[in-house]
Each structure stands twice: as structure tokens, then as C-alpha cells.
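Numbering (the numbering used here), first residue to last: 11 to 191. Beta carbons: idealized from backbone N, C-alpha and C, even for Gly.
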């Protein structure tokens, strides 16, 4: 995995750790709200579309409902697959100078946070040792914006090593590297 970061490292920069988020389909805290909402949205959209199709309504009404049905399918099912795909294309690194996050659904996106200027690091750890390390302040609505369930929501959250194994160990490595800078 270290080869993924070779083009990103500066001349005297050393890779201390690299990793990836957990893969697969995952439920998030926001799903407590999103699952009921998306089921209502999708259910109403399908109900509307079925009603206009079976009643012989004008073509305009039939076409009007199609985007809402498609959005409903995305919200109910598709967002889980997009999130898993995005995490599958995400890589994390800790160097002696900074943290680096490589990601991107279609294009390569590089986020870099200097250890020298990083003033806030938050660890959210689960009992099984996995967790998320956030670099910067957490947004009050971060539980809703977390993940990539909707395009553009990531801009409201601070950079993070999300869903990593051995989160406490990595957090400690980051703090140690930060002290040495």
C-alpha cells in the first residue's frame, strides 16, 4: 500500500503508517434517521408513480414521478453501495510531517493536514478497536453529514481516518509523530 503514496511524499518525508477504511456495506449513525426517511420517500414516489401509470394520467405526470422514484432507489439502496465503493478507493497515511487521505469517486482527491499546525485530533473508538480519527473540529451535525450518502456532504466534515482497525494505536502514533515535529 505504501506505493500508493510514493508520488505524494516530499523529499525527506517518511511514511510511518498506511491503512484503509473497513470495506463492505456499513450502517452509520445517520441511518437511524435516513432509513425511515428514505423508505417514506421511496414508498411515496412508488405509490405516486404506480397511481399515475395505472390511472392513465397524462405523460407529464408519469414522467414527473420518474426522478423521484430513481432518487428513492438511490436513497434506499444505492447510497450504501456508493459509500462502500468510495471507501474501497480511499487510502490513509501518516508521515513524519502530515496525515494524507487519498480518495475520490471518479477523480483522485488528496487531503493533507500538517502535523505541525494540527491543533485538534478526535478519536471515536468502538469496543472492537475500530474507530475514526478526525483532524480538526467535529461539526455538530457530523453524525448526519458523515459518510458519502449524498454528494457534497463531505465538505462539512473535517478530514478523518474513518472506520480504521486499531484506532487507538494509530491515534497514539499520530500524537507521537506530532510531538516530534
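Asked                                                                                                                : Found
The alpha helix (DSSP H) enclosing residue 65, as first and last residue numbers                                     : 41 to 65
From 138, 112, 184, 122, residue whose alpha carbon lies closest to that of residue 132                              : 184
Buried/exposed call for residue 127, threshold 16 Cβ in 10 Å                                                         : exposed
Own chain partners of residue 148 with C-beta closer than 7 Å, once the 5 adjacent residues on each side are dropped : 132, 168
Beta strand (DSSP E) runs contained entirely in the segment 65 to 145, provided each spans 3 or more residues        : 101 to 105, 108 to 113, 119 to 124, 131 to 135, 141 to 145
Identity of the residues DSSP links to residue 174 by a beta bridge                                                  : 141
Neighbour-count burial assignment, residue 102, 16 or more Cβ in a 10 Å radius                                       : buried
Given 8 Å, three or more beta-carbon pairs between the segment 139 to 147 and the segment 172 to 180                 : yes
Residue environment, residue 47, which counts as buried when at least 16 other CB atoms sit within 10 Å              : exposed
Contact set for residue 135: own chain, Cβ-Cβ below 7 Å, skip 5 residues either direction                            : 141, 177, 178
Spatially closest choice to residue 107 from 41, 90, 125, by CA coordinates                                          : 125
Terminal residues of the beta strand (DSSP E) in which residue 37 lies                                               : Where residue 37 is concerned, there is no enclosing beta strand (DSSP E), given that its DSSP letter is neither H nor E.
Residue 168, DSSP secondary structure in three states                                                                : coil
The segment 26 to 37 contacting the segment 86 to 100, beta-carbon criterion three pairs below 8 Å                   : yes
Residue range of the beta strand (DSSP E) that includes residue 28                                                   : 25 to 29
Whole-angstrom distance between residue 68 and residue 119, CA atom to CA atom                                       : 45 Å
The segment 52 to 60 touching the segment 73 to 82, judged by at least three CB pairs closer than 8 Å                : yes
Check whether residue 109 and residue 15 have beta carbons under 9 Å apart                                           : no
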